[in-house]
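Visitor: Sharing a structure below in C-alpha cells format, with a few things to ask.
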Amino acid sequence: MAALPPRHEGSRRRDAARLLGAVALPPAAIAAALALIVAATPTAAPDAPAASAPHDAPPAAAAAGAAPAAPTLPREAAPPATTQPPAASFDEAVAELVAIGQRTAAFAQDDDHAAASASDQLARARFAALMAGFPDAGEQALRRLVAAATPLAHGLVQGRDFVLQLVVVAECARRADDADDGGARAPLEHFVHDVLAAMPASPAMAAVGARALVRQPHLRLAHESAVLGLVELAGAEQFPREVATGLLLTLWDNLERHGERSSDALAALALLLLDGKDGSQRAAACRHLLREARYRALVVDALRRSADRGFVREVASLVASDLPVDDALGVLADLGPALGRAPHAYLVCGHRAPDAVADAYRRLLADDVQPERRVDLVAGVGMVRSPTGLDVARTALAHDRSPEVRLQAVFALTANADPETAMAALLQAADDVELTAARTRCDGLVFALGNLERQADAAAMDRATRRLDALSLSADGRAKLAALRERTVPGEPTAAGAGSR
Amino acid sequence: MPIRLVTASCLALLFAAAAAAQKSCPRTRAERIAGSEQYGPSASCSGLVFSGHGIKLSTATGCPLFVTLIPEHHDVVPSESATRVEPMGAREGRILFFTCQTDYLIVIPWGSVCVFERDLAWGSYPVLATLPCEGQ
C-alpha cells in the first residue's frame, strides 16, 4: 500500500478542517468545529489547557467560544482527555477515539447534552489529529478492517470499526483534495485500488468500500479494470450485485464528468452491454442510458422485450432512486405492462417528491386512464406520511372509478390518517358495492383493518370486524379477521365463532 | 314430435351451448409471481438485522428507511388452453419502516443502530387458481 510523504503543518491543519467536512458534517457544525480543530491539532497547540480560557471552562469550550454555535459548558463537563498527550500509535489513537465515544454516550444517556456535545467536539478534534499524525492512516485502517475476523458482523457498528471506516472515507477525501490542489494523483489512485482490492474480502468490506467510493468522485479511468473485475465477481455471485452496479455507475459518471470518456463513448459502451448476460452490467447500462432522453425510447423498448420481469423491476428501482423524479415517473409509465405492478418504485419516488407523484396521479385520475398505474401512484404517495399523501388518498377514495384504487386509498388512510378518519374510510369502503364485489378486495379490507389494530378502540374494532365479517371473504381472510377480532375485542367470539356467523 | 326433429333440436342446443362456452372462455391462466423484498433509500447508519414476518433482513451498513415485502401471488396471463382463473383469496403486502437511532447524535454518529419502527399492510395481492372452462 502506498504511503504519503510527510507534509508541513499548515497543510496538515488545512487537511484536518477539510476531512471533517468530508465526513458529511452539517455546515454549521463544521463552522463550530474549525476553531476546535486548530486548537486541538497536536503540533499547533498540544493538548495543554488553553491559558486564555476562563478558569471555569474546559479548553475545548474555550476554543469553541470563538464559534457562535458552540455550547458553553459547566466545569464538571470538561472532557478529561484534553489533558492527555497525543496517542503514540495508530491503534492507541483509535482506542482513544473509541473511549471518547463511550464517554459521549454516557453523557448523552444521562441527558447531559452540553457535556456530550463537548465530548463529541473533542472526538472530532482527535480524529483530525489522527489523520494529521498518520499519513498512511487509510492503509492502516484498511489493513485492520480486512484482518478483523467478522467486522460489523452483528449489525451494530462497533466503535473501533466505525472509526476505521471513517478513516478510510477521510483518507480518500484527503488525497482527493491534495490532487485537486495540484498535488500528485497517484496516492489517491493507489489507495482507491487498495480499497477495491479489499472489497471482495467480505460483504462488510464491500459495504465499507461502497461507502468510500459509490457516488464519490474518486473512481477514475485507472480503476476501470478493477471495477470490472468486481462486476465479474458479482456475475458469479461472489460479490454483492448492487454494490458492483453502484461502482460501475459511479465510474462512468466520473469518467464523463472528468472528460476521460465522452458521453457518446460511454453511451456506446452501455449500448454494447445492454444485451449482455451480466446483470450488473445490464442494469448499469440501462440506468446510464435512461439518463439521456435520446436513448430512453431505445432502452424502454429493450426492457419491454425482456422476459425477465425481475430485471425490469430492478432497473425501475434504480430509475426511481437515481433519475429526477419527473423523469423517473415518465420511464415507469413508458415501461407499462413490461413492469407490471411496481409499488416499490413508486414509493421511492413518493418518498423523494410526494407532490410530483400526487400530480401524476391527479392527471391520470382526470383522464380516467391507466387504473393499474393509479394504484401504484396512490400507494407511492399515500404510504408516505405527509399531508399530500392523505389528500391524495381522500381524493382517490371519493372520486376514483377504479375499485382497486379505492382499496389502495383505504390502505393509505389506515396507515397514516387519524384512527377516526381511517375507520370511517374503511367502513365507507365496506359499503362500496363495487369494491366488495371481489373476494380479493374484501380480504384487502381485512388487511387494512389490521393497520388500525393498535390505534382504534375496542368499540370501533367491534363495529368494523362485524361489518367486514358480513362480506364475501376467503377462508384465509375470514380466519385473519377472526384472529384480529380476538386480539382487539375482549370477550367476543373467537375465530371459529366469528367464522361461523 | 317426430324423432328427427327432437334429435336435431338437441344437437342444435348442444352446439349452441358449446359455442357459447367457447366464446365466454377467457383463455387465461394464473402465473405465479415469486415473493420479493426490496430495500428503500438508505440512511447513513449501522447495518440492519431484522427477523419477522418469516423473513430475515440485513444490511452490512446503512439503514433502509423502508423495506417492502410483496408476497408470492398470481397474475392473470393469456393461456393457450381453454382455461380461466378463479380468485381464491389474497395475501397482504407489507411495508416495514426503520429508523436510525444514535446513542448520541451530536455530530458524528459514533454508535448508531438501525431499529424497526413500524410495519403496515399496504397492498392486497391475489391468489388465483387456473380452472378449465366449463364445457371444454
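Keeping their order, the protein sequence lines are chains A and B. Quick note: the first sequence uses numbering that gives the first Met the number 0, first residue 0, plus one each step. Quick note: the second sequence uses numbering that gives the first Met the number 0, first residue 0, plus one each step. Just so you know, even glycine gets a beta-carbon here, dropped at the ideal spot from N, CA and C. Computed from a predicted model, the values in this text were never measured in an experiment.
Alpha carbon to alpha carbon, what distance is there between Arg125(A) and Leu96(A)?
Guide: Taking the straight line joining both Cα atoms gives about 7 angstroms.
Visitor: Quick one: residues in its chain with C-beta nearer than 7 angstroms to the C-beta of Val377(A), no 5 flanking neighbours on either side, listed in chain order?
Guide: So the qualifying residues of the chain are Tyr360, Val391, Ala392, Ala395, Val404, Gln407, Ala408 and Ala411.
Visitor: Starting from the C-beta of Ser320(A), find all residues in its chain whose C-beta is less than 7 angstroms away, skip the five residues before and the five after it, and write them out in chain order.
Guide: These residues qualify, in order along the chain: Val347.
Visitor: Using 8 angstroms for Cβ pairs, my map puts Val114(B) next to Phe97(B). What's the rounded Cβ distance?
Guide: Their Cβ separation, rounded to whole angstroms, is 7 angstroms, which keeps Val114(B) and Phe97(B) in contact under 8 angstroms.
Visitor: I'd like to know if the segment 449-468 of chain A and the segment 415-435 of chain A are in contact, where contact means that at least 3 CB-CB pairs between them fall below 8 angstroms.
Guide: The answer is yes - the segment 415-435 of chain A touches the segment 449-468 of chain A, with three or more Cβ pairs under 8 angstroms.
Visitor: Any C-beta of chain A sitting closer than 8 angstroms to the C-beta of Thr82(B)?
Guide: Not closer than 8 angstroms to any Cβ of chain A, the Cβ of Thr82(B) fails to qualify, so no.
Visitor: Can you list, in chain order, the residues of the segment 397-410 of chain A whose Cβ is nearer than 8 angstroms to any Cβ on chain B?
Guide: Answer in chain order: Leu406, Gln407 and Phe410.
Visitor: In chain B, which residues lie less than 7 angstroms from Val347(A) when you measure between Cβ atoms?
Guide: Ordered by position in chain B, the residues that pass the 7 angstroms Cβ test against Val347(A) are Gly39 and Pro40.
Visitor: Using 8 angstroms for Cβ pairs, my map puts Arg26(B) next to Thr82(B). What's the rounded Cβ distance?
Guide: With 8 angstroms as the limit, Arg26(B) and Thr82(B) qualify as a contact, their Cβ atoms being about 7 angstroms apart.
Visitor: Is there at least one Cβ from chain A nearer than 8 angstroms to Gly122(B)'s Cβ?
Guide: It does: the Cβ of Gly122(B) has a partner Cβ on chain A nearer than 8 angstroms.
Visitor: For Lys55(B), does the three-state DSSP call read helix, strand or coil?
Guide: If DSSP states are grouped into helix, strand and coil, Lys55(B) belongs with the strands.
Visitor: Can you find the residues in the same chain that come closer than 7 angstroms, C-beta to C-beta, to Ala50(A), ignoring five residues on each side of it along the sequence?
Guide: Any reading at Ala50(A) is ruled out, since the residue's pLDDT is 28, under 50, leaving its predicted position unreliable.
Visitor: For Arg260(A), which of helix, strand or coil comes out of DSSP?
Guide: Arg260(A): coil per DSSP, three-state reduction.
Visitor: What does the alpha-carbon distance come out to for the pair Val75(B) and Leu127(B)?
Guide: Going by the C-alpha atoms only, they are around 8 angstroms apart.
Visitor: Would Gly335(A) count as contacting chain C if we go by Cβ distances under 8 angstroms?
Guide: Of the protein chains in this structure, namely A and B, none is chain C.
Visitor: Please report the distance separating the alpha-carbon of Ser305(A) from that of Ser279(A).
Guide: Near 15 angstroms, if we compare the C-alpha coordinates of Ser279(A) and Ser305(A).
Visitor: Among His350(A), Gly245(A) and Ser118(A), which has the Cα closest to the Cα of Leu317(A)?
Guide: It is Gly245(A) whose Cα lies nearest to the Cα of Leu317(A).
Visitor: Under DSSP, the beta strand (DSSP E) around Ser35(B) begins and ends at which residues?
Guide: Run containing Ser35(B): Ser35 to Tyr38, per the beta strand (DSSP E) assignment.
Visitor: With a threshold of 8 angstroms between beta-carbons, can Pro125(B) be considered close to chain A, or not?
Guide: By this cut-off, Pro125(B) is an interface position.
Visitor: Consult DSSP for Gln217(A) and reduce its assignment to one of helix, strand or coil.
Guide: Contrary to the premise, residue 217(A) reads as His rather than Gln in this sequence. Coil.
Visitor: Helix, strand or coil for Cys62(B) per DSSP?
Guide: Residue state, collapsed to three classes: strand.
Visitor: List the whole-angstrom C-beta distance separating Leu64(B) from Pro40(B), where the pair is believed to meet the contact cut-off of C-beta under 8 angstroms.
Guide: Contact flag correct, Cβ pair sits at about 5 angstroms.
Visitor: Which same chain residues, not among the five before or five after Pro79(A), have their C-beta less than 7 angstroms away from its C-beta?
Guide: Only weak support exists for where Pro79(A) lies, its pLDDT of 40 falling under 50; the value from the coordinates is given anyway. Cβ within range, chain order: n/a, list empty.
Visitor: Lys276(A): buried (16+ other C-beta within 10 angstroms of its C-beta) or exposed?
Guide: Label assigned to Lys276(A): exposed.
Visitor: Is it true that the CB of Gly476(A) sits closer than 8 angstroms to the CB of Gly88(B)?
Guide: For Gly88(B) and Gly476(A), yes; Cβs fall inside 8 angstroms.
Visitor: Could you tell me the boundaries of the beta strand (DSSP E) in which Arg125(A) lies?
Guide: No beta strand (DSSP E) holds Arg125(A); the alpha helix (DSSP H) holding it covers His112 to Gly132.
Visitor: The beta strand (DSSP E) that contains Val432(A), what's its start and end?
Guide: No beta strand (DSSP E) contains Val432(A), which DSSP labels as neither H nor E.
Visitor: What does DSSP give as the partner residues of Tyr124(B) in its beta bridges?
Guide: Answer by DSSP bridge pairing, in chain order: Arg90(B).
Visitor: Beta-carbon within less than 8 angstroms of Arg308(A)'s beta-carbon, same chain only, minus the 5 sequence neighbours each way: which residues are those?
Guide: Cβ neighbours of Arg308(A) beyond the five flanking positions: Ala337, Leu338 and Gly339.
Visitor: How should Pro489(A) be labelled, buried or exposed, when 16 other C-beta atoms within 10 angstroms of its C-beta is the threshold for buried?
Guide: Burial call: exposed.
Visitor: Got a sec, what are the start and stop residues for the beta strand (DSSP E) Pro77(B) sits in?
Guide: Note, Pro77(B): beta strand (DSSP E), His72 to Pro77.
Visitor: Would you verify that the beta carbon of Pro77(B) is, or is not, closer than 8 angstroms to some beta carbon of chain A?
Guide: Cβ-Cβ to chain A under 8 angstroms: no for Pro77(B).
Visitor: Could you give the DSSP three-state label for Asp367(A): helix, strand or coil?
Guide: Residue state, collapsed to three classes: coil.
Visitor: Whole angstroms are fine: how far does the CA of Ser471(A) sit from the CA of Ala437(A)?
Guide: For Ala437(A) and Ser471(A), the distance between alpha carbons rounds to 8 angstroms.
Visitor: Give a yes or no on whether the minimum CB-CB distance between Thr439(A) and chain B is below 8 angstroms.
Guide: At least one chain B Cβ lies under 8 angstroms of Thr439(A).
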